[in-house]
Amino acid sequence: AQTVTQSQPEMSVQEAETVTLSCTYDTSESNYYLFWYKQPPSRQMILVIRQEAYKQQNATENRFSVNFQKAAKSFSLKISDSQLGDTAMYFCAFCLTSGTYKYIFGTGTRLKVLA
Amino acid sequence: DTGVSQDPRHKITKRGQNVTFRCDPISEHNRLYWYRQTLGQGPEFLTYFQNEAQLEKSRLLSDRFSAERPKGSFSTLEIQRTEQGDSAMYLCASSSHGSGNTIYFGEGSWLTVV
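In structure tokens form, the structure reads like this:
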């Protein structure tokens, strides 16, 4: 069975600074997707960034980038130039590329950006 | 495209009553998911449809829970004989191969059982 672990329940960062959120996962499969989702206080989950496991290049999306270490089963999210609007819960998620397409989520990291 | 929509957004019900939630996925998405989320926790998988077929159901889902997607479009999640432990946010999401298997969430339906 696949599991996703986020070991940082809460983090804070000063506006304009950089913060890294950690995620580890466990699977015996080799083909899968990894995602970071953001859930602001308004509660709707929004996709931040995704990574296909077969790609060695780390995904980037504007101020958001990931450090994907497949052998270590690690998938961290780096937020550069943090903004007040980045304040939210961040969830790491895993999904296989075949068979069942269900997503497995971590327990989340609550990020607060301080002015 | 208006995204994934869920109805009702909030529901307060008395213990023992039945409730039903509806989800309308993004129109071209053939996969539909239901998740449950409690405060401070990540979403927990409940069930998954591909078109009208329910392909997987979590062991978390007791026999009081049932979900349908009769024509492969909208879906309903019914909870019978609600219990206080059912109080949570019920999230619907959809995806397709064309979306790169990325799932898109609705705003959720809050259930409070009193």
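Residue numbers (the numbering used here), protein chains in the order written: chain A, 7 to 121; chain B, 33 to 146.
For every residue, glycine included, the Cβ atom is placed at its ideal position computed from N, Cα and C.
Just measuring C-alpha positions, the residue of P46/A, S80/A, Q50/A sitting nearest Q57/A is S80/A.
E16/A and Y96/A have their alpha carbons spaced roughly 10 Å apart. By the C-beta density criterion, D118/B is buried, having at least 16 other C-beta atoms within 10 angstroms.
Comparing C-alpha distances from Q14/A to each of A121/A, S82/A, T106/A shows the shortest one belongs to S82/A. With a cutoff of 8 Å on beta-carbon distance, T70/B and A120/B are scored as near each other. Taking a Cβ-Cβ threshold of 7 Å, the residues of chain A close to I135/B are Y109, in chain order. Taking the C-beta atoms as reference points, A94/A is found no nearer than 8 Å to F111/A. Taking a Cβ-Cβ cut-off of 8 Å, Q49/B has no neighbours in chain A, whose nearest Cβ is about 24 Å from it. For F137/B, the pairing in a beta bridge is given by DSSP as A125/B. Bridge pairing for M95/A: Q45/A, R116/A [DSSP].
Take F74/A, set aside five residues on each side of it, and the residues of its chain with a beta-carbon closer than 6 Å to its own are Q57, N64, F81, in chain order. In the structure shown, L90/A falls within a helical segment according to DSSP collapsed to helix, strand and coil. The C-alpha of R116/A is placed about 17 Å away from the C-alpha of S86/A. Taking C-beta atoms as the reference points, L90/A and V119/A count as a pair closer than 8 Å.
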